[in-house]
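Engineer:
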Amino acid sequence: MIRPISLFNTLTRKVEPVVPLAPGLIKIYTCGPTVYNFAHIGNLRTFLFQDLMKRAFQAAGYQVRHCMNITDVEDKIIRDSQADLAPDATNEARHGAMQALTNKYTAFFLDDLDAMRIQKPDEMPRATDHIGQMKALIQQLIEKGLAYASEGSVYYRLAGFPHYGCLAHLDREGMQSGASVDVDEYEKDQAQDFVLWKAAKAGEPIWNSPWGPGRPGWHIECSAMGMEHLGDRIDIHTGGVDLIFPHHENEIAQSEGALGHQWVNAWVHGEFLMVEGEKMSKSLGNFYTLRDLLEKGYDPITFRYAIQSNHYRKLLNFSFEGLKAAENSLKRIRAFRRRMEGDGAAQAGGGDTWQEAIEPSKRLEEARAAFWLAMADDLNTPEALAAIFTLISDLNAQDDRIALTREERDAVLGFLDETDSIFSAWPHQSPEDGHAVAPGQILTAVLGGVVVHTGDVLSKDRIEAEVRARSAAKAEKNWAEADRIRDELKALGIVLEDHKDGTVGWHKA
Ligand SMILES: [Zn+2]
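Position 245 of the sequence shown, counted from 1, bears residue number 244 in numbering that gives the first Met the number 0, the numbering being contiguous throughout.
1. If distances are taken between C-alpha atoms only, which option among S152, L136, G159 and M133 comes closest to G144?
2. Cβ of C30 versus every heavy atom of ligand 1: is any distance shorter than 7 Å?
3. Would L229 and K53 be called neighbours here (beta carbons separated by less than 8 Å)?
4. Given 8 Å as the limit, is there contact between the region 235-253 and the region 150-167, that is, 3 or more CB pairs closer than that?
5. Taking C-alpha atoms, which residue in D298, E248, H129 and H218 lies nearest to K187?
6. When the Cα atoms are used, what is the spatial distance from A198 to E73?
7. My assumption, with CB atoms under 8 Å, is that Q532 sits in contact with A96. Please give the rounded CB distance.
8. Using the beta-carbon count (16 or more within 10 Å), is K489 buried or exposed?
9. Where A508 and L495 are concerned, what is the direct C-alpha to C-alpha distance, given to the nearest angstrom?
10. Which residues does DSSP pair with A344 in a beta bridge?
11. Does ligand 1 have a heavy atom nearer than 7 Å to the CB of H228?
12. Measuring only the C-alpha atoms, how far is W478 from R333?
13. Using a 10 Å radius around the Cβ and a threshold of 16 neighbouring Cβ atoms, would you call R336 buried or exposed?
14. Compare the Cα-Cα distances from A21 to each of D183, L394 and Q62 and report the closest residue.
15. Do H268 and N379 have their CB atoms nearer than 8 Å?
16. Round the Cβ separation of S282 and L384 to the nearest angstrom and send it over; I've been treating them as touching at under 8 Å.
17. Taking only the alpha-carbon atoms, compute the straight-line gap between M224 and G23 and give it to the nearest angstrom.
18. Can you find the residues in the same chain that come closer than 6 Å, C-beta to C-beta, to R116, ignoring five residues on each side of it along the sequence?
19. Just to confirm, is the Cβ distance from A257 to L195 under 8 Å?
20. How long is the line joining the alpha carbons of C66 and M123, rounded to whole angstroms?
21. Quick check: the Cα distance between A305 and P299, rounded to an integer number of angstroms?
22. Going by other Cβ atoms of all chains shown within 10 Å of its Cβ, with 16 needed for buried, is N102 buried or exposed?
23. What do you reckon, is the C-beta of C221 under 7 Å from a heavy atom of ligand 1?
24. Would you give the residue range spanned by the alpha helix (DSSP H) that M133 belongs to?
This is the structure:
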């Protein structure tokens, strides 16, 4: 069975049913990270929303083909990667330095995705592997009269594309025709001919082209990669709201200008994240990466849940209080899961006749219906989760009096699996401490790479948490787990010392 799902389409400003171009298959393009630094939690919110959307389609019975690009050539990457090079460095050295930076942060980004259980896209094309496709697309636009070369750069001719502004709902009257802008990011009132190919500048890595040496503009990258990997028509294109203008508006102009027809059916955008009521910024000291949250002792899956329990189109105010609340909600779902995995004998009050006894199978079907009704309505996760919590309250109360049968418990577990395939936060085998994965596993997933590259990121708090987890495992005579934690710390350069009095010390190897 395939369940219908509706999404808010920025193009039409309406919540509309997603009707796939090919039956049962949804093709999604996502603007991926610009890999010059760690992704901050605002970026991660966008990737978590995309993962939720993708998993919702899968759970609803669709196949999903997902392409997310890696932007590995762009203004900020060039700025940061070229700073230490001599003015007369060769082009080869410039490309090498750029690649070294982008490889490093691509690896960190992939670690972040893993730690938050974000599914890997089917394709992750890198911009620098698609320079040929970008040049071909620019050439096509020139031939159609939609682009022109000027002093070694190539610009898009806005006057040639009457639909320009359809996504951001711009007023065409205010646009300046012909005035060309070289920068990739600009304000709405600057809507004017934008750059497709940037002429070579001193201190930048370059490629040859029919218009002279230079490099691609940022916007052409996504059009070329999206068309190469997902084709002439795609179902959904996603990104953060900050990409609507100019990036996505320009992608439409480029791709649809070249194709001569609509490229993307639905443009779906995730809202911003604020931190403790303020815009996140390095100067305010409220700028966080996933590693920062880990340093403070939070689980990446708690962060995942905190983000996904809010509707993706609402401004989200991230706070540590909110993370704590998310932790508690997850504890509740996981405890319920463990209760359903057990036989219920411990809780049941002895099989009395309770007047208000409910029919568990009926309650379960009501919860499933409410869950999917909410998800189908533009991924309304707060309501979908409310359906789960109502079920938990009702069935816990019931189970206290008359234990649910094994069959009823298994049916509930089936629903928890179904919903977990989307939220990925209450899988089977949750350890008693409420962590979806043992702290040691998170350490490997998230800090593994960091320790190697930066030397000293593994915090004292974190190590001590590991030591406590190992002591707890030993107390339960779980020797395998205790050894695993010890070996894992050893691999990260931390040696444990078991003292005679039972205390445990540690030092760096
Ligand atoms: Zn993009």
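Note that beta-carbon positions come from the ideal geometry of N, C-alpha and C, so glycine has one too.
Structural biologist: Reading it off the structure:
1. G159
2. C30 Cβ: within cutoff of ligand 1.
3. no
4. yes
5. Minimum Cα distance to K187 is reached at E248.
6. 13 Å
7. Here the chain comprises residues numbered 0 to 508, so residue 532 is not present and cannot be evaluated.
8. exposed
9. 9 Å
10. None; A344 has no bridge partner.
11. no
12. Distance between the alpha carbons of W478 and R333: 25 Å.
13. buried
14. The shortest C-alpha separation from A21 is found at Q62.
15. no
16. Not really, about 35 Å apart at Cβ, beyond 8 Å.
17. 23 Å
18. Result list for R116: S423, in chain order.
19. no
20. 6 Å
21. 10 Å
22. Per the 10 Å Cβ criterion, exposed.
23. Using a cutoff of 7 Å, the CB of C221 counts as near ligand 1, since one of the ligand's heavy atoms is closer than that.
24. Segment I130 to E142, the alpha helix (DSSP H) holding M133.
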